[in-house]
Structures are given as C-alpha cells and as structure tokens.
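Numbering (the working numbering), first residue to last: 767 to 892.
See the structure below:
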C-alpha cells in the first residue's frame, strides 16, 4: 500500500508526544490528501489507515514515558486523533507502535537516529 513518512522532528518537540504547530499543519494537510484518496476507494474495499510510531534506540526515561515504545505509541495516537478530528472515519484509522524495533538505518549515528524517529502512514487492506 501507499506510505507517507514524517520525521518526528517535523511533528514533535524532542521527547514529546504533543504535536507542534508545524506538525499539526503537516498532519492537517495530509488529512485533506487522504480524504481525497479515500473518496476514490470503492465502497466494497475495506481499507485502513495505519499510523505507525517509530523511535530510535537511544533510551528515554522521562516522567511521562518509561520507554521509546511508549513514546512511539503516544505519538502515533496523537497523529491518529488529529486525522480523525480532521474528518477521516475513526473506524478506518488505527495507531500502532514499534518503539525502536523497526529501524530504517541500523547505524549508531545522530543521522541514523533521526531517520529512525518517524511516523509512517500506511493505507492498507484490512
């Protein structure tokens, strides 16, 4: 299926699951695109938009998040909630979290860590 990837820095402040102003704008824009795409999907196709949260493997320990998995979950949920608020059907939006278990880049560099901190939106069959 189609996939859209957003680096976490674009959407969220560091170690936070609150969408930044810029992040909200980006998600609102993609919501419009996704609504347009969803109108073109035949009614008998059971599609779902999966919002996947991914983190780097740099351990996080904050009062709010005990692990990267929890941070990636909270970020995916924040994006999913805004997409629904913007008009995507709630029964078609799912949030998933992978923590640091699906890195795009295995290197131990700040650049690799930045690539691995991301939100992926995937349009798939149910």
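Glycine included, every Cβ here is placed at the ideal spot set by N, Cα and C.
Taking the alpha-carbon positions, what's the residue i to residue j distance?
| i | j | result |
| --- | --- | --- |
| residue 846 | residue 874 | 30 Å |
| residue 877 | residue 871 | 9 Å |
| residue 768 | residue 889 | 5 Å |
| residue 800 | residue 854 | 8 Å |
| residue 886 | residue 817 | 6 Å |
| residue 776 | residue 802 | 23 Å |
| residue 785 | residue 778 | 5 Å |
| residue 838 | residue 828 | 13 Å |
| residue 834 | residue 790 | 22 Å |
| residue 836 | residue 826 | 10 Å |
List the whole-angstrom C-beta distance separating residue i from residue j, where the pair is believed to meet the contact cut-off of C-beta under 8 Å.
| i | j | result |
| --- | --- | --- |
| residue 794 | residue 852 | 6 Å |
Is the separation between the beta-carbon of residue i and that of residue j shorter than 8 Å?
| i | j | result |
| --- | --- | --- |
| residue 813 | residue 883 | no |
| residue 770 | residue 819 | no |
| residue 783 | residue 832 | no |
| residue 843 | residue 861 | yes |
| residue 792 | residue 880 | no |
Compare the C-alpha of residue i against each of the options and name the closest.
| i | options | result |
| --- | --- | --- |
| residue 824 | 772, 810, 867, 891 | 867 |
| residue 830 | 849, 780, 808 | 780 |
| residue 894 | 856, 786, 835, 791 | Nothing can be reported for residue 894, as the shown portion of the chain is limited to 767 through 892. |
| residue 891 | 836, 850, 869, 811 | 811 |
Considering only residues of the same chain and omitting the five flanking positions on each side of residue i, which have a CB-CB separation below 6 Å?
| i | result |
| --- | --- |
| residue 849 | 797, 859 |
| residue 807 | 813 |
Among residues of its own chain, excluding the 5 on either side of residue i, which ones have a beta-carbon nearer than 8 Å to its beta-carbon?
| i | result |
| --- | --- |
| residue 809 | none |
Is residue i a contact residue of the ligand MN, with contact defined as CB to any heavy atom under 7 Å?
| i | result |
| --- | --- |
| residue 839 | Inclusion of the ligand MN in the displayed structure is not the case, the ligand content being empty and no account of it being possible. |
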